[in-house]
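Chemist: Dumping the structure here so I can ask a few things about it.
2 protein chains.
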Amino acid sequence: MPEVYAARRERIRECCTAGGSATALVTRPANVRYLAGAAPRGAVLLMGRGEDLLLCAGPPSGEVGEGRPDEALRVQVLPRAGGDPAVAAADVAVAQGAESLAVEENHLTVTRHRAIGSVAPRLRLGDLGGAVEQLRVIKDEEEISCLRIGAEIADQALGELLESILVGRTERHLALELERRLVDHGADGPAFATSVGTGPNSGRRGHRPTDRRVEEGDFLSVCLGATYRGYRCEIGRTFVIGTSPADWQIELYDLVFAAQRAGRESLAPGAAYRDVDRAARQVLDSAGHAEGLPPLTGHGVGLEIDEDPQLAPAAMGKLDACVPVTVEPGVHLPGRGGVRIDDTLVVRPEADGGPELLTITTKELLAL
Amino acid sequence: MPEVYAARRERIRECCTAGGSATALVTRPANVRYLAGAAPRGAVLLMGRGEDLLLCAGPPSGEVGEGRPDEALRVQVLPRAGGDPAVAAADVAVAQGAESLAVEENHLTVTRHRAIGSVAPRLRLGDLGGAVEQLRVIKDEEEISCLRIGAEIADQALGELLESILVGRTERHLALELERRLVDHGADGPAFATSVGTGPNSGRRGHRPTDRRVEEGDFLSVCLGATYRGYRCEIGRTFVIGTSPADWQIELYDLVFAAQRAGRESLAPGAAYRDVDRAARQVLDSAGHAEGLPPLTGHGVGLEIDEDPQLAPAAMGKLDACVPVTVEPGVHLPGRGGVRIDDTLVVRPEADGGPELLTITTKELLAL
Chain A
1 MPEVYAARRE RIRECCTAGG SATALVTRPA NVRYLAGAAP RGAVLLMGRG
51 EDLLLCAGPP SGEVGEGRPD EALRVQVLPR AGGDPAVAAA DVAVAQGAES
101 LAVEENHLTV TRHRAIGSVA PRLRLGDLGG AVEQLRVIKD EEEISCLRIG
151 AEIADQALGE LLESILVGRT ERHLALELER RLVDHGADGP AFATSVGTGP
201 NSGRRGHRPT DRRVEEGDFL SVCLGATYRG YRCEIGRTFV IGTSPADWQI
251 ELYDLVFAAQ RAGRESLAPG AAYRDVDRAA RQVLDSAGHA EGLPPLTGHG
301 VGLEIDEDPQ LAPAAMGKLD ACVPVTVEPG VHLPGRGGVR IDDTLVVRPE
351 ADGGPELLTI TTKELLAL
Chain B
1 MPEVYAARRE RIRECCTAGG SATALVTRPA NVRYLAGAAP RGAVLLMGRG
51 EDLLLCAGPP SGEVGEGRPD EALRVQVLPR AGGDPAVAAA DVAVAQGAES
101 LAVEENHLTV TRHRAIGSVA PRLRLGDLGG AVEQLRVIKD EEEISCLRIG
151 AEIADQALGE LLESILVGRT ERHLALELER RLVDHGADGP AFATSVGTGP
201 NSGRRGHRPT DRRVEEGDFL SVCLGATYRG YRCEIGRTFV IGTSPADWQI
251 ELYDLVFAAQ RAGRESLAPG AAYRDVDRAA RQVLDSAGHA EGLPPLTGHG
301 VGLEIDEDPQ LAPAAMGKLD ACVPVTVEPG VHLPGRGGVR IDDTLVVRPE
351 ADGGPELLTI TTKELLAL
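So the sequences go chain by chain: A and B.
full-length UniProt numbering applies: residue 1 is where the first sequence begins, and numbers increase by one.
full-length UniProt numbering applies: residue 1 is where the second sequence begins, and numbers increase by one.
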């Protein structure tokens with residue numbers, strides 16, 4: 001594994017050199033982890049002329065979920081006074097003779113950026129932009145394997161919940177129960193705050209669980225994910241409570257299902273992000289739900305739950321093989337509720353069988 | 001309540017005018033919530049010449065934990081394309097005839113700051129600094145009441161855990177169980193990731209729970225908190241598992257207890273932050289634990305779990321009445337474990353009975 005991190009750093013170094021900076025400072029935690037194997041709290045990665053250096057505010061704890069720093073890296077823990085490792089890194093860069101330093105302007109605050117400038121006034125500060133985020137888009141099989149295990153865990157947690165009695169329990173309790181089951185099955189933790197919506201709350205993207213209790217006749221929508229070795233996946237399903245769904249529920253479910261299938265089926269290497277979005281979105285649009293649709297119908301996943309690419313109307317770019325994305329259209333009718341269906345899939349060429357579905361819980365409309 | 005928010009905004013407006021900007025843009029979520037009553041995802045607050053404006057990326061959901069926007073505010077939801085409300089706010093400021101805009105440089109990234117500058121090139125961008133954070137330090141009785149309820153909830157959750165069987169359960173499960181109990185008792189959610197450390201992991205600040213199981217003879221240290229109406233408190237306790245603590249455990253516990261008491265007893269209006277830190281720290285220092293002590297022995301709490309002031313050796317400033325802080329010294333002996341004791345208290349003058357202890361779970365060394 002160590003050579004993986006070194007190879008990734010080498011790619012970023014090439015990127016910097018092409019941009020005119022021989023030295024780069026990575027501060028965004030997911031990027032630090034991607035390049036260094038671990039991101040202890042506050043850690044930053046300096047990639048310079050000399051050896052690469054991981055500067056930490058405290059000692060790495062070496063827990064499973066946190067990862068271990070690549071052994072090829074020098075790790076330096078700041079003394080206790082609580083300085084900013086990014087500022088200390090700029091100091092090191094100057095001592096190494098660097099003239100310019102590419103930083104992550106989309107992560108550093110104005111204040112931190114200025115502090116770096118003050119400690120090293122002769123250092124020319126450039127912008128690393130989203131170079132590391134771009135490199136993270138295409139996953140290797142090791143990364144996909146972590147996502148696959150995370151998806152299995154989420155499927156298990158969801159499956160067990162469906163076997164339990166739901167009527168009368170609150171959204172909050174169902175969400176906590178799901179999170180406990182994720183950990184039971186080996187997750188580092190939930191990939192994001194588990195969302196459970198019942199009745200009028202169902203189908204809302206990112207709904208925060210309330211004290212509302214599950215009632216007969218409700219739609220119940222659930223969105224959860226597991227973090228496994230730092231990698232985060234996502235699954236969302238909508239169920240109906242009671243034996244006979246109402247006609248409007250069946251119609252709405254079938255519609256969102258059709259939109260989600262259209263999105264899934266359009267996943268292929270070379271497909272434009274916006275075309276995948278449009279495939280799903282137009283099914284909902286043409287049924288009169290253009291208003292109130294969420295701004296995207298899917299996004300990349302990996303070390304963060306919301307990564308590049310964005311599958312949205314104005315997104316630029318095309319899918320590659322080995323890019324894991326969600327496809328998650330939904331419709332919410334104010335006051336009545338709604339439906340969301342959300343899978344994590346890996347883009348694969350048709351010769352390899354097409355998109356690989358990681359979250360395999362059934363998408364039939366179950367009446368629970 | 002609405003007049004509270006208007007009064008807070010008025011204070012910030014005075015601050016800005018004194019600094020040469022008639023218009024301010026608040027982006028840090030806790031600051032937006034403090035001034036506007038709610039901070040829906042991505043919302044920013046523009047305080048200008050005209051009426052104050054809350055710009056949101058999506059509609060406020062109006063859930064209890066999230067708060068409701070002050071009705072005196074105009075709320076504007078951006079159309080779906082997913083622009084940055086901060087950039088839209090700068091546009092509005094220009095339309096209102098503003099010449100300068102104070103922004104939160106300690107929150108805005110360099111990239112967002114530049115985007116604001118691009119959309120409004122004639123707008124002079126100033127720095128609001130930590131004006132809102134400073135205003136948040138002293139709490140009103142309404143805020144303290146939320147913290148008090150949160151502390152009661154955390155005490156209840158902890159008390160129930162202590163009545164259950166602990167040996168054989170993992171740190172992760174104990175942490176999840178505590179979080180479930182917080183919600184059971186009415187918390188919006190945990191105030192931060194619950195920390196449970198057993199055996200060699202005990203006593204580490206911010207320890208992330210692992211799969212290690214509780215064993216006879218272990219120290220067990222727990223740190224948790226409830227969020228109640230947005231306000232976050234914190235409690236930490238250390239216990240010993242089994243009937244008879246070892247001599248080293250009793251000695252270490254007594255030492256940390258003495259340090260924590262010294263810190264608590266030094267809380268008074270007018271006491272320097274660093275003197276409170278020193279009171280606790282010197283007890284540990286003089287017992288030979290100077291190495292490896294955390295950089296602070298306490299901090300403010302409120303809408304964020306880690307607010308101003310910092311109780312640390314180099315901190316500048318003095319306590320006021322009605323400032324809630326934690327006092328949380330600890331010692332961790334690598335390979336053996338350690339002790340942390342953590343309370344949330346409100347600074348009160350001696351005439352009012354001195355510091356008000358919000359977290360009342362016993363600090364005797366319990367053998368469980």
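We put the beta carbon where it would ideally sit given N, CA and C, even for glycine.
All values derive from a computational prediction rather than experimental measurement.
Name the DSSP bridge partner or partners of B:E307?
Modeler: B:E307 is bridged to B:G300.
Chemist: Between the beta-carbon of residue 379 of chain B and the beta-carbon of B:T17, is there less than 9 Å?
Modeler: In this structure chain B extends from 1 to 368, so residue 379 of chain B is not present and cannot be described.
Chemist: Counting pairs of beta carbons, one from the segment 349–363 of chain A and one from the segment 304–319 of chain A, are three or more of them closer than 8 Å?
Modeler: Because the criterion of three Cβ pairs below 8 Å is not met, the segment 349–363 of chain A and the segment 304–319 of chain A do not touch.
Chemist: At which residues does the alpha helix (DSSP H) containing A:R49 begin and terminate?
Modeler: Taken as a continuous stretch (DSSP letters only), A:R49 belongs to no alpha helix (DSSP H), as it is neither H nor E.
Chemist: If the cut is a Cβ gap below 8 Å, which residues of chain A does B:E105 touch?
Modeler: Simply T109, V110, T111 and R114.
Chemist: Under 8 Å between beta-carbons, which chain A residues line up against B:V183? List them in chain order, please.
Modeler: Within 8 Å Cβ-Cβ: R172, H173 and L176.
Chemist: Ignoring anything shorter than 3 residues, give me the beta strand (DSSP E) runs that lie fully in the segment 125–209 of chain B, in order along the chain.
Modeler: Counting whole runs of 3 or more residues, the segment 125–209 of chain B contains the beta strand (DSSP E) stretches 195–198.
Chemist: Just reading off the beta strand (DSSP E) that A:A102 is part of, what are its end residues?
Modeler: S100 to V103 is the span of the beta strand (DSSP E), which, as asked, contains A:A102.
Chemist: Please confirm if B:D127 has its CB atom under 9 Å from at least one CB of chain A.
Modeler: At least one chain A Cβ lies under 9 Å of B:D127.
Chemist: Can you find a heavy atom of the ligand SAM that lies under 8 Å from the Cβ of B:M316?
Modeler: Of the ligands one can find in the structure shown there are none, so the ligand SAM has no counterpart to examine.
Chemist: I'd like the span of the alpha helix (DSSP H) that includes A:P85, first residue to last.
Modeler: First-last of the alpha helix (DSSP H) with A:P85: P85 to A95.
Chemist: Any beta carbon from chain C within less than 9 Å of B:E179's own beta carbon?
Modeler: No chain C appears in this structure, whose protein chains are A and B.
Chemist: So for B:H289, helix, strand or coil by DSSP?
Modeler: Reduced to three states, the DSSP call for B:H289 is helix.
Chemist: Hey, A:G203 and A:S221: beta-carbon distance below 9 Å or not?
Modeler: Against a cut-off of 9 Å, the Cβ pair of A:S221 and A:G203 comes out as a contact.
Chemist: Using a C-beta cutoff of 9 Å, does A:V64 count as contacting chain B?
Modeler: Low per-residue confidence applies at A:V64: pLDDT is 46, beneath 50, and the placement is therefore not dependable, though the value from the model is reported in the following sentence. Yes, A:V64 lies at the interface with chain B (some Cβ there is under 9 Å from its Cβ).
Chemist: Against chain A, with Cβ distances strictly below 9 Å, would residue 451 of chain B count as a contact?
Modeler: Residue 451 of chain B lies beyond the residue range present for chain B, which begins at 1 and ends at 368; the question has no answer from this structure.
Chemist: Counting only beta-carbon separations shorter than 9 Å, does B:R169 have a partner in chain A?
Modeler: B:R169 does not count as touching chain A.
Chemist: On the three-state DSSP scale, how would you describe A:G62?
Modeler: Summary for A:G62: the model assigns pLDDT 49, below 50, so the residue's position carries little reliability, and this model does not support an answer.
Chemist: Please decide whether A:G48 counts as near chain B, where near means a Cβ-Cβ distance under 9 Å.
Modeler: No, A:G48 does not count as interfacial toward chain B.
Chemist: Determine the direct distance from the alpha carbon of A:L158 to that of A:V256, and round the result to whole angstroms.
Modeler: Between A:V256 and A:L158, the C-alpha separation is close to 20 Å.
Chemist: Can you tell which of B:I341, B:L147 and B:G288 has the C-alpha that lies nearest to the C-alpha of B:R264?
Modeler: Of B:I341, B:L147 and B:G288, the residue nearest in Cα terms is B:I341.
Chemist: Quick one: residues in its chain with C-beta nearer than 7 Å to the C-beta of A:G130, no 5 flanking neighbours on either side, listed in chain order?
Modeler: So the list reads N106, once near-sequence residues are dropped.
Chemist: Could you check what DSSP says for B:D320 in three-state terms: helix, strand or coil?
Modeler: Coil.
Chemist: My assumption, with CB atoms under 8 Å, is that residue 373 of chain B sits in contact with B:V331. Please give the rounded CB distance.
Modeler: With chain B covering only 1 through 368, there is no way to say anything about residue 373 of chain B.
Chemist: Measuring only between beta-carbons, confirm whether A:R41 sits less than 9 Å from chain B.
Modeler: Yes, A:R41 counts as interfacial toward chain B.
Chemist: I want to see whether chain B comes within less than 9 Å of A:D308, judged by CB atoms only; does it?
Modeler: Cβ-Cβ to chain B under 9 Å: no for A:D308.
Chemist: Please state if the CB of A:T227 and the CB of A:P190 are separated by a distance shorter than 9 Å.
Modeler: Contact: yes.
Chemist: According to DSSP, is B:V276 part of a helix, a strand, or is it coil?
Modeler: If DSSP states are grouped into helix, strand and coil, B:V276 belongs with the helices.
Chemist: Give the straight-line distance between the Cα atoms of B:G62 and B:D70, rounded to the nearest whole angstrom.
Modeler: Any reading at B:G62 must be qualified, since the residue scores a pLDDT of 49, below 50, and its modelled position is unreliable; no value is offered.
Chemist: Suppose you measure from the CA of A:E149 to the CA of B:D211; what does that come to, to the nearest Å?
Modeler: Inspection of the sequence shows that residue 149 of chain A is occupied by Ile rather than by Glu. Approximately 18 Å, taken between the alpha carbons.
Chemist: If you measure between the beta carbons of A:V94 and A:R122, is that distance less than 9 Å?
Modeler: Yes, the pair counts as a contact, with Cβ atoms nearer than the cut-off.
Chemist: If we count the other Cβ atoms within 10 Å of its Cβ and call it buried at 16 or more, is A:G168 buried or exposed?
Modeler: Answer is exposed; the Cβ neighbour count stays below 16.
Chemist: Looking only at DSSP bridge pairs, what is A:T109 linked to?
Modeler: B:T109, per the DSSP bridge assignment.
Chemist: For A:G203, would you say it is in contact with chain B, using Cβ-to-Cβ distances shorter than 9 Å as the test?
Modeler: For A:G203, the answer is no, since every Cβ of chain B falls outside 9 Å of its Cβ.
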